[in-house]
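Data block below; observations after.
Take a look at the structure:
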């Protein structure tokens, strides 16, 4: 996974909009009331979030299972002047070299976990890697997005020297999506090299995710939808034009969560004061 794709990942995934993830991070830090001195970036990929994280933290530990992605991340880490440490590891089995004050996992990294056991293991490893006042912020694709956006779709992109073709298949019973990716990457001699990869993700339910966090030991869990966190709810308008009110409690806001494409979870190791 993320082998040949790693060298062109940043180009082909230009629609990730890391600034939006960075804005959610900023909002959560404001809500918590203090910036973390150290952050674990779980599934750091090519390190696209490093600049955002370094605005708040003095030190980053990047965990990533793909050696090819780590090689790309090393370029960004070098620019950070020894503030970033990179480690090969998987979300469900990593071992952090020391505890950090926060852990983030952006761009549906947690959706790559294969089953509930892996989800629970990942949450437990994060909990164990945090300091007593630590917190965990992550996002995941929703079942709604799997049903509506990925059902038997074909995605194609032509950048001249890179062509990508992706087929998606959804198993609604297991809430799994399979991405079959084919890349044609131009070499220096003008010939194109073909790379084939298969990626799989699971759309966990909110109940499964919250249960995994609680079992791991997290005490306070807040859920956002499509880059809007619950304490920002008064800024969101229902479809009938009425204000949302306090938190995700009104029917229209519950509907917003269920119809969202991406959920955000902020889980704290200890209850807020």
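Residue numbers (UniProt numbering): 1 to 273.
Every residue gets a Cβ at the ideal spot worked out from N, C-alpha and C, and that includes glycine.
Remember, predicted model here, so these are calculated numbers, not experimental data.
Span separating the alpha-carbon of residue i from that of residue j
i, j, result
"residue 237", "residue 257", "The predicted model places residue 237 with a pLDDT of 42, which falls under 50 and marks its position as unreliable; any figure quoted below should be read in that light. C-alpha separation (whole angstroms): 13 Å."
"residue 185", "residue 164", "9 Å"
"residue 143", "residue 205", "7 Å"
"residue 103", "residue 157", "33 Å"
"residue 210", "residue 262", "15 Å"
"residue 106", "residue 20", "11 Å"
"residue 269", "residue 32", "12 Å"
"residue 232", "residue 30", "12 Å"
"residue 170", "residue 82", "42 Å"
Beta-carbon gap between residue i and residue j smaller than 7 Å
i, j, result
"residue 267", "residue 227", "no"
"residue 53", "residue 61", "no"
"residue 90", "residue 50", "no"
"residue 150", "residue 168", "yes"
CB-CB length for residue i against residue j, believed under 8 Å
i, j, result
"residue 137", "residue 28", "5 Å"
"residue 146", "residue 177", "5 Å"
"residue 197", "residue 181", "5 Å"
"residue 203", "residue 141", "6 Å"
"residue 42", "residue 100", "Going by Cβ atoms, the distance from residue 42 to residue 100 rounds to 10 Å, so no, they are not a contact pair."
"residue 118", "residue 148", "About 25 Å; that fails the 8 Å criterion."
"residue 35", "residue 123", "Wrong, their Cβ atoms sit about 23 Å apart, outside the cutoff."
"residue 221", "residue 265", "6 Å"
When the options are compared against residue i, the one with the closest alpha-carbon
i, options, result
"residue 86", "135, 66 and 195", "66"
"residue 162", "195, 141, 175 and 153", "195"
"residue 187", "211, 160, 179 and 101", "160"
"residue 254", "231, 232, 225 and 262", "225"
"residue 74", "94, 96, 95 and 46", "46"
"residue 68", "189, 58, 79 and 88", "88"
"residue 193", "201, 199, 200 and 183", "183"
"residue 95", "79, 70 and 125", "125"
"residue 132", "115, 98, 113 and 114", "98"
Any C-beta of chain B under 7 Å from that of residue i
i, result
"residue 259", "Here chain B cannot be found, since the structure has a single protein chain."
Mind listing, in chain order, the continuous beta strand (DSSP E) runs of no fewer than 3 residues lying wholly within the segment 129 to 176? Counting only unbroken stretches of 3 or more residues, the beta strand (DSSP E) elements lying wholly within the segment 129 to 176 are 130 to 141, 153 to 158 and 162 to 171, in sequence order.
Which full runs of the alpha helix (DSSP H) of 4+ residues lie inside the segment 6 to 86, going along the chain? Counting whole runs of 4 or more residues, the segment 6 to 86 contains the alpha helix (DSSP H) stretches 9 to 12, 18 to 32, 50 to 54 and 67 to 79.
Hey, which unbroken runs of the alpha helix (DSSP H) at 4 residues or more fall wholly within the segment 182 to 225? DSSP runs (the alpha helix (DSSP H)) wholly in the segment 182 to 225: 206 to 216.
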